[in-house]
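Undergrad: If you scroll down you'll find the structure; I have some questions about it.
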Amino acid sequence: MNLLMVIFALVAIFAVVNIFQAVKEKNVLALVFSFATAAIFGWFVVMTILNQGYPPKLH
Numbered sequence: 001m002n003l004l005m006v007i008f009a010l011v012a013i014f015a016v017v018n019i020f021q022a023v024k025e026k027n028v029l030a031l032v033f034s035f036a037t038a039a040i041f042g043w044f045v046v047m048t049i050l051n052q053g054y055p056p057k058l059h
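Just so we're aligned, residue 1 is where the sequence shown starts under the working numbering, counting upward by one.
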């Protein structure tokens, strides 16, 4: 679960970067999808850290 959480955190970070790029290019569809991606993956990462801690408990 530890590596999966890191990968999901990277996806959320890249989505936030893409939000700024979509605003700069005035691309509404990319903005919507980037915001949804950042919100969903970011929420998963935050809740995983709150539930299991970091580093995650093994038992």
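Cβ coordinates follow ideal geometry from the N, Cα and C atoms, glycine included.
These figures come from a predicted structure and were not determined experimentally.
1) Taking the CB atoms as reference points, tell me whether V32 and F8 lie closer together than 9 angstroms.
2) Quick one: give me the first and last residue of the alpha helix (DSSP H) that K24 is part of.
3) Taking its Cβ as the centre, do 16 or more other Cβ atoms sit within 10 Å of A38, making it buried, or is it exposed?
4) Which same chain residues end up closer than 6 angstroms to A15 when comparing Cβ atoms and leaving out the 5 residues on each side of it in sequence?
5) Decide if F20 is buried, meaning its Cβ has at least 16 other Cβ atoms within 10 Å, or exposed.
TA: Taking the structure as given:
1) No, Cβ-Cβ distance for V32 and F8 is not below 9 angstroms.
2) N2 to E25
3) buried
4) S34, T37 and A38
5) exposed
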